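K.L.:
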Amino acid sequence: LVDVIFYDCFMQINKELNMELKPVTTALYGCNGGEVMSMGEVSLPVALGSGELRKVRMVRFVVVGAESSYNIIMGQTSLNAFQAVVSTYHMTIKYPVGENVGEIVGDQLTSRSCYQTTVSNNKQLAKRQAESKGEEINRPGGSRSKEDKQK
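Numbering (full-length UniProt numbering), first residue to last: 1 to 151.
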């Protein structure tokens, strides 16, 4: 439902715009049930298409510090603002522009590459989190594993 911009993308855009985040803390829940806290929100112009089929709307994004191979995720709010119709099967977004219809067509190879990068990033993140939990267990004053206690 919510429109998301990832922090790395926001920082790239913000080099030129020098915008400040509006402080908002919202918990977002992913498909896997994981929780990510927002860092704030920002309104940015988003354009679909080009030339005569270009349509621009202001979109309020929630900024998230999670790792992702994506720059933004357009939610229901912005898709409705563009009156867009999405076909995931056809990898197409269509939207009205006056008497015409604009169309954005996705690329299967790029989509697959993004998906594979996301899966790889998630595996690396899970590994780092597991390793950091192991370090916390072995810290002085922290709890230790059975094997450590026997030494």
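Just so it is clear, CB atoms sit at the ideal spot from N, CA and C, and this is done for glycine as well.
Since we're looking at a predicted model, the values are computed, not measured.
Assuming contact is defined by CB atoms lying nearer than 8 Å, are Pro-3 and Met-74 in contact in what I supplied?
P.N.:
According to the sequence provided, residue 3 is Asp. The question's Pro does not apply to it. Yes, the pair counts as a contact, with Cβ atoms nearer than the cut-off.
K.L.:
Give the single residue among His-90, Lys-127, Pro-96, Val-24 whose Cα lies nearest to the Cα of Gly-40.
P.N.:
Nearest of His-90, Lys-127, Pro-96, Val-24 to Gly-40, Cα basis: Val-24.
K.L.:
What does the Cβ neighbour count give for Leu-17, buried or exposed, with the cut at 16 atoms within 10 Å?
P.N.:
Leu-17 is exposed by the Cβ-count criterion.
K.L.:
Are at least three pairs of beta-carbons, each pair with one atom in the stretch 56-71 and one in the stretch 6-16, less than 8 Å apart?
P.N.:
Yes, they touch.
K.L.:
In three-state terms, what does DSSP make of Asn-80?
P.N.:
Three-state result, Asn-80: helix.
K.L.:
State the Cα-Cα distance for the pair Gly-34 and Glu-99, rounded to the nearest angstrom.
P.N.:
Cα-Cα distance, rounded: 43 Å.
K.L.:
CA-CA distance, Asn-122 and Arg-54?
P.N.:
So the two alpha carbons sit approximately 35 Å from each other.
K.L.:
Opposite Gly-40 in the DSSP bridges: which residues?
P.N.:
Answer is Val-63, bridged to Gly-40.
K.L.:
Does the distance from the CB of Met-37 to the CB of Ala-47 come in under 8 Å?
P.N.:
Against a cut-off of 8 Å, the Cβ pair of Ala-47 and Met-37 comes out as no contact.
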